[in-house]
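Structure first, then comments.
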Amino acid sequence: MSRAKKMPVLLVGGASVLTALLAALLLAGGLFGLHEAEATQPPPPPPSYTVTVNTSGGDSTCEVQILAPTETAWGSTASGTFTSGTGVDLRFRVTCPSGYAFDHWESNNEDLDGQTNHGGHSGDFTLYENTTATAVFLPVVLPDAESTIWHDHYTQSPHWGDMYWHQVSSSSNPTYSFAGLVINEDFLIAEMDTSGCSMTLTQQQKEGFQNSWDSDWLIDSNNYRQELNGAPPNHKYDSHGFNPDAAPWDQIQSNEVFRLTQRMRVKGCPSTNNQGPWFATHSIHFKVVYNTQLAKREVFVKKSGVQGTGDPSF
């Protein structure tokens, strides 16, 4: 009887131990499984940041755009939200004619702040924070005068032309540098005056004269025409010479004067084609003189009442 009574106790005790072991194993398996499930979860997505670009100091001709990674419309402002680490390219433009030019970027992004890229964009920067960028536009400073500084004849005998320098300036700021500015000289057909001489010019001859004289000048840091060699007064000069025995000059009789008007304008946004506005206008006179010593005809030039050293008075 006593042996039969002990069996249930052993079974119950054994079952309790087995149950505890099984529970422990199941619990351990569950924990292992939980760790494994957590390890295969994808990482959280990277944050996104907002880019806002706008203009300052210009007018409706001054616009900005986000070119990449998503192209926005041109306007006074643009914005977009992009993933961190994205390459962003901002652009600016000025629609001609305009009295403004891009000067620099202002931004909380140090890779962009202060940039003065005049190529029409800021360059790329990588987005790691909310970024605000402002394209700063300033009024275009234009010269209001262009002077011709006569140097001398580039051949003394016979006279085949003159040497002279061109320089632009601003009356409000004489020390302002117009380096890089492009100037165009216009000789308009309607302003070619042959009434004071026997020369007649066909439309084709007028166009040829206009095309041969019209040119673009790049201005250097001293406001002189850049393409000329040397530096004043060390023989930096432009020169024009005319053969009085070739058309159309061979039509002009001695002591006759051919007149025309030269107009100066800034190429680019301040002016378009031959429309102006012109910041300087000069009257140019060409006079044919017969040199009795050399028995040759010579052409002399006077510009806005100023003539070259040694030129005959006219």
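Its first residue numbered 11, the sequence shown is counted upward by one per residue in this note's numbering.
Backbone N, C-alpha and C define an ideal beta-carbon position, used for all residues, glycine too.
Treat the numbers as computed from the prediction; the structure is a model and nothing was measured.
*K277 by DSSP, collapsed to three states: which one?*
Numbered from 1 along the sequence shown, position 267 holds the residue referred to as residue 277. Residue state, collapsed to three classes: coil.
*Counting only runs of 3+ residues fully inside the stretch 176-262, write out the beta strand (DSSP E) ranges in chain order.*
192-196, 225-228 and 248-250
*Member of T136, Y300, R269 and A83 whose CA lies at the smallest distance from the CA of R101*: Here the question's residue 101 lines up with position 91 in the sequence shown. Considering only alpha carbons, the answer is A83.
*asked:* Does the stretch 143-161 come into contact with the stretch 59-73, if we say contact requires no fewer than three beta-carbon pairs (one atom in each stretch) closer than 8 Å?
replied: yes
*Which two residues bound the contiguous beta strand (DSSP E) that contains S58?*
In the sequence shown, counting from the first residue as 1, residue 58 sits at position 48. Taken as a continuous stretch (DSSP letters only), the beta strand (DSSP E) holding S58 covers S58 to S66.
_Quick check on the DSSP output: the beta strand (DSSP E) that includes P149 runs from which residue to which?_
Reading the sequence shown from its first residue, position 139 is the one you call residue 149. Start and end: T141 to P149.
*asked:* Considering Cα atoms alone, identify which of L211, T93, Q285 and Q317 is closest to N57.
replied: Numbered from its first residue, the sequence shown carries residue 57 at position 47. The sequence shown places Pro at residue 57, rather than the Asn named in the question. Out of L211, T93, Q285 and Q317, T93 has the C-alpha closest to the C-alpha of P57.
*Do S187 and S231 have their CB atoms nearer than 9 Å?*
Here residue 187 is taken as the residue at index 177 of the sequence shown, counted from 1. Here residue 231 is taken as the residue at index 221 of the sequence shown, counted from 1. For S187 and S231, yes; Cβs fall inside 9 Å.
_S293 - DSSP class collapsed to helix/strand/coil_ = Looking up residue 293 in the sequence shown gives position 283. Correct three-state label for S293: strand.
*asked:* Taking 8 Å as the cut-off, does the stretch 314-322 touch the stretch 175-193 (at least 3 CB pairs, one atom from each stretch)?
replied: Judged by Cβ distances under 8 Å, the stretch 175-193 makes no contact with the stretch 314-322, as fewer than three pairs qualify.
*Between the Cα of D248 and those of D255, D260, R235 and A256, spot the shortest distance and give me the residue it belongs to.*
Working through the sequence shown from its first residue, we reach residue 248 at position 238. Considering only alpha carbons, the answer is R235.
_Please identify the residue among G97, A111, F197 and T204 whose C-alpha is closest to the C-alpha of V74._
What you label residue 74 is simply residue 64 of the sequence shown in a count that begins at 1. Nearest C-alpha to V74: A111.
*Please go through the same chain and pick out, in chain order, the residues whose beta-carbon is closer than 7 Å to the beta-carbon of F135, but skip the five residues on each side of it.*
Here residue 135 refers to the residue found at position 125 when the sequence shown is read from its first residue. Hits under 7 Å: V98, N119, D121 and L122.
*Which residues in the same chain have their Cβ closer than 7 Å to the Cβ of P322, if we skip the five residues on either side of it in sequence?*
Within the sequence shown, residue 322 is the residue found at index 312, counting from 1. Taken in chain order, the residues that qualify are V299 and F310.
*Is it true that the CB of N265 sits closer than 9 Å to the CB of K297?*
As a working note, residue 297 is residue 287 in the sequence shown. As a working note, residue 265 is residue 255 in the sequence shown. Yes, the Cβ-Cβ distance between K297 and N265 is below 9 Å.
_For K306, three-class secondary structure by DSSP_ = Indexing the sequence shown from 1 puts residue 306 at position 296. Three-state result, K306: strand.
*Across which residues does DSSP place W115 in a beta bridge pair?*
Within the sequence shown, residue 115 is the residue found at index 105, counting from 1. Paired residue(s): A145.
*Could you spell out where the beta strand (DSSP E) holding A78 opens and where it closes?*
Translated into the one-based positions of the sequence shown, residue 78 becomes position 68. Where A78 is concerned, the enclosing beta strand (DSSP E) stretches over C72 to A78.
*In this structure, does DSSP put G171 in helix, strand or coil?*
Within the sequence shown, residue 171 is the residue found at index 161, counting from 1. It is coil, neither helix nor strand.
*State the Cα-Cα distance for the pair H292 and E217, rounded to the nearest angstrom.*
Here residue 292 refers to the residue found at position 282 of the sequence shown. Here residue 217 refers to the residue found at position 207 of the sequence shown. Their Cα atoms are separated by approximately 19 Å.
*C-alpha gap between E237 and M173, whole angstroms*: To locate residue 237, count along the sequence shown from 1; it is residue 227. To locate residue 173, count along the sequence shown from 1; it is residue 163. Taking the straight line from one Cα to the other gives about 14 Å.
*Are the beta-carbon atoms of L156 and T271 separated by less than 9 Å?*
Translated into the one-based positions of the sequence shown, residue 156 becomes position 146. Translated into the one-based positions of the sequence shown, residue 271 becomes position 261. Reading off the sequence, residue 156 comes out as Glu, not Leu. With a cutoff of 9 Å on beta-carbon distance, E156 and T271 are scored as not near each other.
*Give the straight-line distance between the Cα atoms of R103 and P52, rounded to the nearest whole angstrom.*
Here the question's residue 103 lines up with position 93 in the sequence shown. Here the question's residue 52 lines up with position 42 in the sequence shown. Spanning the two alpha carbons is a distance of roughly 43 Å.
*Would you mind stating whether G206 and V267 have Cβ atoms separated by less than 9 Å?*
As a first step, residue 206 must be located in the sequence shown, where it is residue number 196. As a first step, residue 267 must be located in the sequence shown, where it is residue number 257. Taking 9 Å as the Cβ cut-off, G206 and V267 qualify as a contacting pair.
*Look up N301 in the DSSP assignment and say whether it is helix, strand or coil.*
On the sequence shown, residue 301 is found 291 positions in, with the first residue counted as 1. In the structure shown, N301 sits in a strand (DSSP, three-state: E or B).
*Three-state secondary structure assigned by DSSP to L31*: If you number the sequence shown from 1, residue 31 lands on position 21. Note that L31 scores 48 on pLDDT, short of 50, meaning its location in the model is unreliable; the coordinates nonetheless yield the value given after this. Correct three-state label for L31: helix.
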